[in-house]
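Colleague:
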Amino acid sequence: MDKGLYLYNTLTRKKEVFEPLSSPNVGMYVCGPTVYSDVHLGNCRTFISFDLIFRYLKYSGYKVRYVRNITDAGHLEGDRDEGDDKFAKRAKLEQLEPMEIVQKYTLGFHDVLRMFNTLPPSIEPTATGHITEQIEMIKVIMDNGYAYEVDGTIYFDVEKYSKNYNYTILTNRNLEDMLANTRELGGQDDKRGRLDFALWIKAKPETIMRWPSPWGVGFPGWHIECSAMSAKYLGDEFDIHGGGMDLAATHHTNEIAQSEACSRKQPAKYWMHTNMLTVNGTRMSKSAGNGFLPGELFTGDHPLLERGFSPMTVKFFMLQAHYRSTLDFSNEALDASEKGFRRLMNALSLLGKLSPSTESDFEIGPLVNNCSKAMNDDFNSPVVIAELFEAARIINIIYDGKGKISAIELDKLKKLMNDFVFEIFGLKDEETSNVELNSVLDLVIDIRKAAKENKDYATSDRIRLGLQSMGIQLKDSKDGTTWTKA
Ligand code: AMP
Ligand code: ZN
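If you're matching positions, the sequence shown starts at 2 in this note's numbering and goes up one per residue.
(1) Give the range of the alpha helix (DSSP H) segment to which V103 is assigned.
(2) Within 6 Å: the Cβ of C32 and any heavy atom of ligand 2?
(3) Comparing the CB of N44 with every heavy atom of ligand 1, is any distance shorter than 6 Å?
(4) So what does DSSP say about R284, is it helix, strand or coil?
(5) Hey, how far is the Cα of F426 from the Cα of M138?
(6) Give the single residue among L417, K450, D52, F198 whose Cα lies nearest to the Cα of L114.
(7) Please determine whether the Cβ atom of M29 lies at a distance below 6 Å from any heavy atom of ligand 1.
(8) Using only the alpha-carbon positions, how far apart do T327 and D443 sit?
(9) Are the region 285-295 and the region 39-54 in contact at 8 Å, needing three or more beta carbon pairs?
(10) Can you give me the start and stop residues for the beta strand (DSSP E) that E17 sits inside?
(11) Looking at the structure shown, is R56 part of a helix, part of a strand, or coil, going by DSSP?
(12) If you draw a straight line from the C-alpha of E339 to the C-alpha of F318, how long is it?
(13) I want to check one thing, is the minimum distance from the CB of M277 to the heavy atoms of ligand 1 below 6 Å?
(14) Cβ-heavy atom distance between T35 and ligand 1 below 6 Å?
(15) Considering V36, what are the terminal residues of the beta strand (DSSP E) in which it resides?
(16) Looking at the strands, I want to know which residues DSSP matches up with F220.
(17) Is it a yes or a no for the region 474-483 touching the region 348-359, going by three-plus beta-carbon pairs under 8 Å?
(18) Just to confirm, are R211 and S123 a CB contact at a threshold of 7 Å?
(19) Following the continuous alpha helix (DSSP H) through R343, name the residue where it begins and the one where it ends.
(20) Would you list the one or two residues that DSSP bridges to L368?
(21) Buried or exposed, going by whether 16 or more other CB atoms sit within 10 Å of the CB of D86?
(22) Please look up how many angstroms separate the CB atoms of E256 and H224, rounded, as I've assumed it's under 8 Å.
(23) Could you check where the alpha helix (DSSP H) with I395 kicks off and where it finishes?
(24) Any chance the CB of C263 is under 6 Å from a heavy atom of ligand 2?
(25) Cβ of C372 versus every heavy atom of ligand 2: is any distance shorter than 6 Å?
(26) Between N70, R69, D73, V27, which lies nearest to Y60 when the distance is taken from Cα to Cα?
(27) How should V441 be labelled, buried or exposed, when 16 other C-beta atoms within 10 angstroms of its C-beta is the threshold for buried?
(28) If you reduce the DSSP assignment to three classes, tell me which class L235 lands in.
(29) For L278, which of helix, strand or coil comes out of DSSP?
(30) Just tell me which of G341, K270, L428 has its CA closest to the CA of E20.
(31) Please find out if some non-hydrogen atom of ligand 1 comes closer than 6 Å to the beta-carbon of R284.
(32) Take E424 and list the residues in its own chain whose beta-carbon comes closer than 8 Å to its own, dropping the five residues that flank it on each side.
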């Protein structure tokens with residue numbers, strides 16, 4: 002695996018070389034949040050993973066149209082078209098309009114992702130903004146014979162579809178077993194088959210979010226929005242479709258079925274799934290009650306948290322695991338990530354202060370190659386981080402005067418750090434990017450310098466020791482004084 006970008010395709014269950022349908026253009030669709038409540042840290046992990054993928058594709062020269070939807074209608078509590086509408090239920094609870102709920106949690110979602118320094122998608126379409134497209138798609142699926150109406154509700158006919166297509170293509174499950182198992186559950190509704198799912202649901206008298214359709218007043222099923230919006234913005238066939246692994250068995254399986262039943266084409270060439278954030282081995286979820294809100298993590302205000310951790314520490318913790326591995330949350334793991342992240346940021350703050358020599362004790366090329374190779378091997382961020390720690394070690398050696406680096410190698414080192422830390426990982430130094438803190442420290446360092454020049458060593462020591470007790474280390478050299486966070 003030495004050339005090209007390889008990614009793991011859930012559809013074929015292997016790593017494949019990435020060959021976009023019309024390079025350099027890439028279409029990527031990722032299932033977005035259901036905005037009836039705050040996103041938890043598990044949700045964030047999935048969006049941070051796709052941000053890494055988006056950033057790396059752009060860095061590699063692709064022109065990416067990244068579509069990430071907002072689910073703001075049509076999501077019932079049960080996965081099988083039963084239960085209350087999540088938005089209406091929450092609206093009642095908070096005594097707000099359903100669209101006030103949508104607005105409140107959409108803004109909250111954006112705020113959280115901004116704190117994690119993720120890039121906004123190219124298009125962020127909403128389900129409620131695409132009711133017409135969903136109705137049109139359902140009409141075509143019905144015309145093609147893969148859906149049927151029962152009293153104003155439209156169901157997708159899985160058994161009929163399975164005669165011509167592979168319903169379990171994504172998960173490789175045995176359809177006969179699935180049909181047998183679900184048959185045993187008995188018919189509690191109007192579906193012909195228990196695997197059938199709703200494309201359009203007839204409104205009850207109390208349903209608030211409702212729209213007219215050829216089949217009467219109702220609302221769309223959850224899955225149809227993604228099929229309709231991906232086709233609208235990326236076409237019937239596009240490059241990458243992604244989401245959390247928990248979506249593969251139902252939501253994505255049904256999306257493929259709908260899209261194929263409509264256009265007769267497999268919608269995405271590569272299906273990518275991120276693994277789950279867990280707490281003591283259990284998947285973080287709203288229903289399990291172990292879903293930290295990012296805000297609680299930053300302040301430490303949660304019974305399972307010993308203290309708060311900054312957004313970049315949390316992001317670094319996530320990048321230290323491969324996106325297809327599970328990642329278990331713990332205070333200890335975050336402690337370790339915080340130390341590691343600081344080490345990296347401190348090295349970065351020294352990078353600009355290194356002076357080149359005529360000779361070099363270090364060659365940076367192999368580090369750059371290892372980082373590129375790791376990212377080209379299905380976005381292997383933990384391997385990149387190990388290489389970045391090696392780069393940090395080299396920076397410290399040179400800064401301490403225990404090694405030399407040439408101008409060419411120093412430029413390579415700066416580019417390596419800039420590309421991988423900032424551009425591809427989207428990390429930032431929360432300490433040094435704090436403009437006020439920087440200005441205050443510049444002032445304090447100036448006052449200390451004046452004190453030393455006046456031989457007022459009591460004041461200069463008081464400043465140095467005072468800052469040290471706050472975790473800020475001053476270092477004097479012939480070029481002046483610099484500071485790092487301990
Ligand atoms: P939802 O808002 O529930 O539709 O979820 C939004 C996204 O978060 C989906 O792609 C889910 O697969 C993903 N997700 C949910 N729980 C977790 C978790 N514990 N770890 C990682 N991703 C998750
Ligand atoms: Zn979706």
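Every residue, glycine too, gets a C-beta built ideally from N, C-alpha and C.
Modeller: Walking through what the data contain:
(1) As a working mapping, residue 103 is identified with position 102 in the sequence shown. Run containing V103: 99-116, per the alpha helix (DSSP H) assignment.
(2) Residue mapping note: residue 32 aligns to position 31 of the sequence shown, counting from 1. Yes, Cβ of C32 sits closer than 6 Å to a heavy atom of ligand 2.
(3) The residue labelled residue 44 in the question sits at position 43 within the sequence shown. Within the cutoff, so yes.
(4) To locate residue 284, count along the sequence shown from 1; it is residue 283. Strand, per DSSP.
(5) Here residue 426 refers to the residue found at position 425 of the sequence shown. Here residue 138 refers to the residue found at position 137 of the sequence shown. Using only the alpha carbons, I get a separation of about 38 Å.
(6) For the purposes of this step, residue 114 is identified with residue 113 of the sequence shown, where counting begins at 1. Nearest C-alpha to L114: D52.
(7) Reading the sequence shown from its first residue, position 28 is the one you call residue 29. The answer is no for M29.
(8) For the purposes of this step, residue 327 is taken as residue 326 along the sequence shown, with counting starting at 1. For the purposes of this step, residue 443 is taken as residue 442 along the sequence shown, with counting starting at 1. Taking the straight line joining both Cα atoms gives about 43 Å.
(9) Under the Cβ criterion (8 Å, minimum of three pairs), the region 285-295 counts as touching the region 39-54.
(10) As a first step, residue 17 must be located in the sequence shown, where it is residue number 16. From DSSP, the beta strand (DSSP E) with E17 extends over 15-18.
(11) As a first step, residue 56 is located in the sequence shown; it is residue number 55 there, counting from the start. Looking at R56 - three-state DSSP - the assignment turns out to be helix.
(12) Within the sequence shown, the letter at position 338 stands for residue 339. Within the sequence shown, the letter at position 317 stands for residue 318. Cα to Cα, E339 sits roughly 8 Å from F318.
(13) For this step, residue 277 is matched to residue 276 along the sequence shown. Yes, the beta carbon of M277 sits closer than 6 Å to at least one heavy atom of ligand 1.
(14) Within the sequence shown, residue 35 is the residue found at index 34, counting from 1. Answer for T35: yes, Cβ within range of ligand 1.
(15) Here residue 36 is taken as the residue at index 35 of the sequence shown, counted from 1. Here V36 belongs to no beta strand (DSSP E), and DSSP marks it neither H nor E.
(16) Numbered from its first residue, the sequence shown carries residue 220 at position 219. DSSP output for F220 lists I202 as bridge partner(s).
(17) yes
(18) Here the question's residue 211 lines up with position 210 in the sequence shown. Here the question's residue 123 lines up with position 122 in the sequence shown. For R211 and S123, no; Cβs fall outside 7 Å.
(19) Mapped onto the sequence shown, residue 343 falls at position 342. Run containing R343: 332-352, per the alpha helix (DSSP H) assignment.
(20) The count along the sequence shown starts at 1 and reaches residue 368 at position 367. L368 is not bridged to any residue.
(21) On the sequence shown, position 85 is the one that residue 86 refers to. Result: buried.
(22) Stepping through the sequence shown from its first residue, residue 256 is reached at position 255. Stepping through the sequence shown from its first residue, residue 224 is reached at position 223. That pair is a contact at about 5 Å.
(23) Reading the sequence shown from its first residue, position 394 is the one you call residue 395. Note, I395: alpha helix (DSSP H), 382-400.
(24) Numbered from 1 along the sequence shown, position 262 holds the residue referred to as residue 263. C263: no, Cβ never under 6 Å from ligand 2.
(25) Translated into the one-based positions of the sequence shown, residue 372 becomes position 371. Every heavy atom of ligand 2 is 6 Å or more from the Cβ of C372, so no.
(26) Start at 1 with the first residue of the sequence shown, and residue 60 comes out as number 59. Among N70, R69, D73, V27, the Cα nearest to that of Y60 is on V27.
(27) Here residue 441 refers to the residue found at position 440 when the sequence shown is read from its first residue. Counting the other CB atoms within 10 Å of its CB gives V441 a total below 16, which places it among the exposed residues.
(28) Within the sequence shown, the letter at position 234 stands for residue 235. If DSSP states are grouped into helix, strand and coil, L235 belongs with the helices.
(29) In the sequence shown, the residue the question calls residue 278 occupies position 277. L278 falls in the strand class under three-state DSSP.
(30) Here residue 20 refers to the residue found at position 19 of the sequence shown. The candidate whose alpha carbon is nearest that of E20 is K270.
(31) Residue 284 sits at position 283 when you count from the first residue of the sequence shown. True, at least one ligand heavy atom lies under 6 Å from that Cβ.
(32) Working through the sequence shown from its first residue, we reach residue 424 at position 423. Taken in chain order, the residues that qualify are R56, Y60.
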